[in-house]
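K.L.:
Structure representation (structure tokens):
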């Protein structure tokens, strides 16, 4: 890895921390924010799904043309979207008025992911891709530790306007290192060499997309209901919910990233994905039977830890089984499968919660994650290629 690549990876890491802080400040409490604006649980599921669907469309477009555009410019644009959404979300009066600005914040996050992944893939050594992603993924738990706690304190003590104004200021601050990522390139040459290679994906890529999309549906069911579940079942305050979220999104993810990346490099990326997905159905089945918040926190850490441990191996697997010239396509397809899961999951959770009860949501998540595991088991071994 040359000196310029190291410098750009450091700047990308800093920008990634900024994105993670901003997103986790607001996402950990977004369900309660919408509820305070008059939304029901099914309305909240609808909003999560709608914002995910629209932002996924933007992500898909930007991901496919990522070879044509300067990544630094796109990342700066993502921070700008977070600034605009934060300014307006503090002033809306109904949950319907909030939707356009929630789309902006969701789009900023969605567009950032494939651009970031392609940059890392292009600047890392192939045989050490797992550990490189693992180290770079530490930016997420840093934001996952700071964002929810900070967001919970701000919302509880000073209200939603203070929370979203602070998120806008944070995004503006982290926009500065993203501007240093900008790198002028010969766009005419890139456009001449660009062609979509959607039909060169292999059987294993398709199976992987199904597996990870299904797993993401299970994970997507949790986000809209978790704050409400903690509020109704355990009477936690906003700051306590923020702290609860941070131990999973922050601490658990921080613990798993580097070791899971190293393990994937050592035993193979498919095996690592299967290993870390294996306990998820059992954890979700146990969840409704836990009535102690401390034990639930440990269970939540384990759930998020195992799920996030699949990140380095999943991206390394799909890059490894694809030719270098279609990296942008397969990375975009991977992220699209995740986003589709986060479109379907919230609506499904809202329906199950509204028409049945909370326990059925978790049993449904357990069954769905088990189906994802079965698809992973039939994937081919990337090391035989």
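Residue numbers (my numbering): 83 to 467. Positions of the beta carbon are idealized from the N, C-alpha and C atoms, including for glycine.
(1) Taking three-plus beta-carbon pairs below 8 Å as touching, is the segment 192-211 in contact with the segment 135-144?
(2) Taking only three categories from DSSP, how would you classify residue 300?
(3) Among the residues of its own chain, which have a CB less than 7 Å from the CB of residue 392, if the five just before and after it don't count?
(4) For residue 116, which residues in the same chain have their Cβ closer than 8 Å to its Cβ, ignoring the five residues on either side in sequence?
(5) First and last residue of the alpha helix (DSSP H) that includes residue 421?
(6) What whole-angstrom Cβ distance do residue 104 and residue 249 have, given they're in contact under 8 Å?
(7) Assess contact between the segment 431-447 and the segment 297-308, defined as three or more Cβ pairs (one per stretch) separated by less than 8 Å. Is contact present?
(8) Taking the alpha-carbon positions, what's the residue 101 to residue 386 distance?
(9) Answer with buried or exposed for residue 320, where buried requires no fewer than 16 other C-beta atoms within 10 angstroms of its C-beta.
(10) Does the beta carbon of residue 390 fall short of 6 Å from some heavy atom of the ligand COA?
(11) Over the uninterrupted alpha helix (DSSP H) stretch that includes residue 394, give me the two end residues.
(12) From residue 457 to residue 379, what distance separates their C-alpha atoms?
(13) Measure from the alpha carbon of residue 185 to the alpha carbon of each residue in 252, 121, 316, 109, then state which is nearest.
(14) Are the beta-carbon atoms belonging to residue 106 and residue 229 less than 7 Å from one another?
(15) When you compare the segment 155-163 with the segment 209-217, are there three or more beta-carbon pairs, one atom per stretch, that lie closer than 8 Å?
(16) Using CA atoms only, rank isn't needed, just tell me which of 152, 170, 368, 288 is closest to residue 246.
(17) Assign residue 376 to one of two classes, buried (16 or more other C-beta atoms within 10 Å of its C-beta) or exposed (fewer than that).
(18) My output table needs one value for residue 361: the three-state DSSP class, helix, strand or coil.
(19) Could you please give the first and the last residue of the uninterrupted alpha helix (DSSP H) stretch that includes residue 263?
(20) Looking at the structure shown, is residue 151 part of a helix, part of a strand, or coil, going by DSSP?
(21) How would you call residue 297, buried or exposed, if buried means at least 16 neighbouring beta carbons within 10 angstroms?
P.N.:
Here's the rundown:
(1) Touching, yes, given that three or more Cβ pairs across the two stretches are closer than 8 Å.
(2) Residue mapping note: residue 300 aligns to position 218 of the chain shown, counting from 1. Residue 300: helix per DSSP, three-state reduction.
(3) In the chain shown, the residue the question calls residue 392 occupies position 310. Closer than 7 Å at the Cβ level, and outside the excluded window around residue 392, lie 355, 358, 359.
(4) For the purposes of this step, residue 116 is taken as residue 34 along the chain shown, with counting starting at 1. Excluding residues within five positions, the ones whose Cβ falls inside 8 Å are 125, 126, 129, 177, 180.
(5) The residue you call residue 421 lines up with position 339 of the chain shown. It spans 409-437 - the alpha helix (DSSP H) in which residue 421 sits, taken as one unbroken run.
(6) Position 22 of the chain shown, counted from the first residue, corresponds to residue 104. Position 167 of the chain shown, counted from the first residue, corresponds to residue 249. The pair is a contact, with the Cβ atoms about 5 Å apart (cut-off 8 Å).
(7) Judged by Cβ distances under 8 Å, the segment 431-447 makes contact with the segment 297-308, as three or more pairs qualify.
(8) The count along the chain shown starts at 1 and reaches residue 101 at position 19. The count along the chain shown starts at 1 and reaches residue 386 at position 304. C-alpha separation (whole angstroms): 19 Å.
(9) Numbered from its first residue, the chain shown carries residue 320 at position 238. Burial call: buried.
(10) For the structure depicted, the ligand COA is absent and the ligand set is empty, with no information on it obtainable.
(11) To locate residue 394, count along the chain shown from 1; it is residue 312. Start and end: 375-402.
(12) The residue you call residue 457 lines up with position 375 of the chain shown. The residue you call residue 379 lines up with position 297 of the chain shown. Answer to the nearest angstrom: the Cα atoms are 29 Å apart.
(13) In the chain shown, residue 185 corresponds to position 103, counting from 1. Minimum Cα-Cα distance from residue 185 among the listed residues 252, 121, 316, 109 corresponds to 109.
(14) Counted from its first residue, the chain shown places residue 106 at position 24. Counted from its first residue, the chain shown places residue 229 at position 147. In this structure, residue 229 lies closer than 7 Å to residue 106 by Cβ.
(15) Contact between the segment 155-163 and the segment 209-217 is absent, because fewer than three Cβ pairs lie under 8 Å.
(16) In the chain shown, counting from the first residue as 1, residue 246 sits at position 164. Looking at the Cα atoms, 170 is the closest of the given residues.
(17) Here residue 376 is taken as the residue at index 294 of the chain shown, counted from 1. Counting Cβ neighbours within 10 Å, residue 376 comes out exposed, since fewer than 16 surround it.
(18) For the purposes of this step, residue 361 is taken as the residue at position 279 of the chain shown. Coil at residue 361, not helix or strand.
(19) For the purposes of this step, residue 263 is identified with residue 181 of the chain shown, where counting begins at 1. Premise fails: residue 263 is in no alpha helix (DSSP H) and is neither H nor E.
(20) Numbered from 1 along the chain shown, position 69 holds the residue referred to as residue 151. Assigned with DSSP and collapsed to three states, residue 151 falls in coil, not helix or strand.
(21) Stepping through the chain shown from its first residue, residue 297 is reached at position 215. In summary, residue 297 is buried, with 16 or more beta-carbon neighbours lying within 10 Å of its beta-carbon over all protein chains present.
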